[in-house]
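Residue numbers (our numbering): 231 to 352.
The beta-carbon is built from N, C-alpha and C at its ideal position, and this holds for glycine as well.
Since we're looking at a predicted model, the values are computed, not measured.
Have a look at the structure below, then the notes.
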């Protein structure tokens, strides 16, 4: 929570708060006596591939990680394999998560999990 904070509903919608501190504070502390609200900054509807990648990326950041069955995606296999080999990702039972080292280097593996952005722009 804070200016510019992003949220993902776990399905297809990403939304974020206003990034400017003055707009954020004005929404939380309205001068007209109305109730405080989180200031909307915007929303975005994701395609299925990007939403799946986002669920995985957010899940890998959690201590419990992501069930490996959810990760069975041929488009992500190389990135996940690279993350394990680079010791950025680690197995914990049937789950995969960021290693201690991976918490500092997470973007290195996350970039390899995202769908090809050039295909989305076409």
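C-beta contact flag for residue i and residue j at 9 Å
i	j	result
residue 296	residue 290	yes
residue 249	residue 281	no
residue 187	residue 238	In the structure displayed, the chain extends from 231 to 352; residue 187 sits before or after that span and is not available.
First and last residue of the uninterrupted beta strand (DSSP E) at residue i
i	result
residue 357	In the structure displayed, the chain extends from 231 to 352; residue 357 sits before or after that span and is not available.
residue 299	Counting along the chain, residue 299 falls outside any beta strand (DSSP E), and DSSP gives it neither H nor E.
residue 250	Premise fails: residue 250 is in no beta strand (DSSP E) and is neither H nor E.
Alpha-carbon spacing of residue i relative to residue j, whole angstroms
i	j	result
residue 255	residue 233	9 Å
residue 276	residue 322	30 Å
residue 252	residue 265	17 Å
residue 335	residue 278	26 Å
residue 303	residue 288	16 Å
residue 339	residue 310	7 Å
residue 352	residue 328	Confidence is the limiting factor: at residue 352 the pLDDT is only 40, short of 50, which leaves the residue's position unreliable, though a coordinate-based value still follows. Spanning the two alpha carbons is a distance of roughly 32 Å.
residue 343	residue 307	8 Å
residue 349	residue 324	Reliability fails at residue 349, whose pLDDT of 43 lies under 50, so the model's placement of it is uncertain and the value that follows must be treated cautiously. Near 32 Å, if we compare the C-alpha coordinates of residue 324 and residue 349.
residue 341	residue 231	24 Å
residue 293	residue 274	27 Å
residue 332	residue 260	41 Å
Pick from the options that is closest to residue i, judged by C-alpha positions
i	options	result
residue 247	259, 260, 267 and 301	267
residue 330	341, 313 and 302	313
residue 272	343, 328, 278 and 235	235
residue 269	263, 287, 245 and 288	245
Where the alpha helix (DSSP H) through residue i begins and ends
i	result
residue 326	Run containing residue 326: none in the alpha helix (DSSP H); it sits in the beta strand (DSSP E), 325-328.
residue 289	278-290
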